[in-house]
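Visitor:
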Amino acid sequence: MYAPAADRYQYPDFYRRCGRSGLRLPLISLGLWHNFGAHDSYPNARAIACRAFDLGITHFDLANNYGPPDGSAEVTFGRILCEDLGPWRDELIISTKAGYYMWPGPYGEWGSRKYLLASLDQSLKRMGLDYVDIFYHHRPDPNTPLEESMGALDHAVRRGKALYAGISNYPAAETVRAAKILRELGTPCLIHQPRYSMLDRWVEPELLGTLAQEGIGGIVFSPLAKGLLTDRYFQGVPTDSRAGHDPRFLRPEHITDTVLAKTKQLNDLALARGQTLAQMALAWVLRHPTVTSALIGASRVSQVEDCVGATRNLKFTGEELARIEQILAG
Ligand SMILES: NC(=O)c1ccc[n+]([C@@H]2O[C@H](COP(=O)([O-])OP(=O)(O)OC[C@H]3O[C@@H](n4cnc5c(N)ncnc54)[C@H](OP(=O)(O)O)[C@@H]3O)[C@@H](O)[C@H]2O)c1
Numbered sequence: 066m067y068a069p070a071a072d073r074y075q076y077p078d079f080y081r082r083c084g085r086s087g088l089r090l091p092l093i094s095l096g097l098w099h100n101f102g103a104h105d106s107y108p109n110a111r112a113i114a115c116r117a118f119d120l121g122i123t124h125f126d127l128a129n130n131y132g133p134p135d136g137s138a139e140v141t142f143g144r145i146l147c148e149d150l151g152p153w154r155d156e157l158i159i160s161t162k163a164g165y166y167m168w169p170g171p172y173g174e175w176g177s178r179k180y181l182l183a184s185l186d187q188s189l190k191r192m193g194l195d196y197v198d199i200f201y202h203h204r205p206d207p208n209t210p211l212e213e214s215m216g217a218l219d220h221a222v223r224r225g226k227a228l229y230a231g232i233s234n235y236p237a238a239e240t241v242r243a244a245k246i247l248r249e250l251g252t253p254c255l256i257h258q259p260r261y262s263m264l265d266r267w268v269e270p271e272l273l274g275t276l277a278q279e280g281i282g283g284i285v286f287s288p289l290a291k292g293l294l295t296d297r298y299f300q301g302v303p304t305d306s307r308a309g310h311d312p313r314f315l316r317p318e319h320i321t322d323t324v325l326a327k328t329k330q331l332n333d334l335a336l337a338r339g340q341t342l343a344q345m346a347l348a349w350v351l352r353h354p355t356v357t358s359a360l361i362g363a364s365r366v367s368q369v370e371d372c373v374g375a376t377r378n379l380k381f382t383g384e385e386l387a388r389i390e391q392i393l394a395g
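The numbering of the sequence shown is the working numbering, which starts it at 66 and goes up by one.
Put into structure tokens, the structure is as follows:
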């Protein structure tokens, strides 16, 4: 029988307010995109989720299509809830999303009301939940009126199937429009989930400012660049690494000499700060107050522990930030 660590809330500063909402999220959240599918080890998935909760990680992020196969990460998480974490449902923030391909035919992806609401019902069923805390539109849909997609999020909240609405991968201009529609409907946009790391800074010129202006929290995904901003690939490509065994999104050819030259220099700087590279990469995205949470993935318990350790040193000197810029510029 799982019993959570009694000291899991010992660090009140581990939670940051999400935009202008009343909701606080942990600085480190756990995503179930990888390592929670039907073919992954269930005991390992369970151990990662339970250890995360023990460390104060209250937020678990899913999507309809996480697996593989699609939907299976929600099934795995549903089992973890049923067998272990369920009694602590009121201490958990569980999110899911819809937007990418899920089932055949014209209603199985993108942003129609038909697809979004059907998908949410499926997600709830897979996880054995009455409601999720956050329901996201996973990506903008150029062919569906934004009013329709945002109307579906508002409907989900009004029906009690989600507590908050969020958007993901929306550029700045669409974010402003989506926020306005949701505000007018009476369901403010809680959160935006964009990709952001030292190796992918597309949010910096516009989106982060937009989020601050709109009072929307940012939860940034792949802050470790899927593992590149760690020491994982310093001695080659381990067979048990993401690039080593799951070539869908990170392949060995992405681990170039140029990337490694930068990450090894970043690693030296991290060590000088008394951190691992992963910890420094997380602290770096969290230096923006608009970034409410860094959304990590993990293939083992020790990685979650290491990542949570990032929050022991979130401060950077001007010299350190300048050195990071210099390294990234090559
Ligand atoms: N909204 C969207 O469109 C979208 C898209 C992608 C992801 N997401 C969300 O973001 C979450 C995180 O994405 P991600 O998995 O790409 O994030 P990430 O944190 O950038 O990468 C996670 C990977 O980094 C490695 N790692 C993690 N901690 C480590 C540590 N302390 N030391 C060494 N290596 C470490 C592990 O690689 P190994 O597996 O090789 O050990 C792990 O699987 C997803 O689960 C999902 O919830 C959202």
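Beta carbons are placed, not taken as given, at the ideal position from N, Cα and C, and that holds for glycine.
#1: For the beta strand (DSSP E) containing ASP401, name the first residue and the last one.
#2: Ends of the alpha helix (DSSP H) at CYS147?
#3: Tell me, please, which residues DSSP counts as bridged to LYS162.
#4: Would you say ASN100 and SER188 are within 7 Å of each other, going by their C-beta atoms?
#5: Let's see if you can read the secondary structure: which residues bound the beta strand (DSSP E) around ALA227?
#6: Can you determine whether any heavy atom of ligand 1 sits closer than 6 Å to the C-beta of THR357, and answer yes or no?
#7: For HIS104, which of SER184, LEU228, TYR166, VAL140 has the nearest alpha-carbon?
#8: Quick one: what's got a C-beta closer than 6 Å to TYR67's C-beta in the same chain, skipping five residues either side?
#9: Taking the beta carbon of GLU269 as the centre, do at least 16 other beta carbons fall within 10 Å, making it buried, or is it exposed?
#10: Would you say LYS291 touches ligand 1, meaning its beta carbon is less than 6 Å from a heavy atom?
#11: Looking at the structure shown, is TYR74 part of a helix, part of a strand, or coil, going by DSSP?
#12: With DSSP as the reference, label GLY193 as helix, strand or coil.
#13: Helix, strand or coil: which one does DSSP assign to VAL302?
#14: Hey, quick one: how far does the alpha helix (DSSP H) through ALA244 stretch, first residue to last?
#15: Beta-carbon within less than 7 Å of THR350's beta-carbon, same chain only, minus the 5 sequence neighbours each way: which residues are those?
#16: Applying the 10 Å Cβ sphere with the 16-neighbour rule, what's the burial state of ALA227?
#17: Would you say LYS179 and TYR172 are within 7 Å of each other, going by their C-beta atoms?
#18: Name the two residues that bound the continuous beta strand (DSSP E) containing ALA346.
#19: Please report the distance separating the alpha-carbon of LEU264 from that of ALA110.
#20: Considering only residues of the same chain and omitting the five flanking positions on each side of ALA70, which have a CB-CB separation below 7 Å?
#21: Counting only the same chain and skipping the five closest in sequence on each side, list residues whose C-beta sits under 8 Å from that of LEU334.
#22: For the segment 199-206 against the segment 224-242, are there 3 or more C-beta pairs whose distance is under 8 Å?
#23: Helix, strand or coil, according to DSSP, for TYR80 in the structure here?
#24: For the alpha helix (DSSP H) that ARG89 lies in, which residues bound it at each end?
#25: Let me make sure I understand the geometry here. Which of GLU370, PHE381, LEU331 has the alpha-carbon closest to that of GLY121?
Guide: In this structure, then:
#1: Here the chain covers residues 66 to 395 and nothing more, so residue 401 does not appear.
#2: The continuous stretches of alpha helix (DSSP H) do not include CYS147, and DSSP gives it neither H nor E.
#3: TYR201
#4: no
#5: 227-233
#6: no
#7: VAL140
#8: Contacts found: CYS115, ASP149.
#9: Result: exposed.
#10: At least one heavy atom of ligand 1 is found less than 6 Å from the C-beta of LYS291.
#11: TYR74 falls in the coil class under three-state DSSP.
#12: In the three-state DSSP reduction, GLY193 falls in the coil class, being neither helix nor strand.
#13: coil
#14: 237-250
#15: One detail in the question is off: residue 350 reads as Val in this sequence, not Thr. Contacts found: TYR261, SER262, VAL285, PRO288, VAL356, ALA359.
#16: buried
#17: yes
#18: Careful: ALA346 lies outside any beta strand (DSSP E), inside the alpha helix (DSSP H) at 342-350.
#19: 27 Å
#20: ASP119
#21: Beyond the five residues adjoining it in sequence on each side, LEU334 comes within less than 8 Å, by CB distance, of MET345, GLU385, ARG388, ILE389, ILE392 in the same chain, given in chain order.
#22: With a cut-off of 8 Å on Cβ pairs, the segment 199-206 is in contact with the segment 224-242, counting three or more such pairs.
#23: strand
#24: Taken as a continuous stretch (DSSP letters only), ARG89 belongs to no alpha helix (DSSP H), being part of the beta strand (DSSP E) at 89-91.
#25: GLU370
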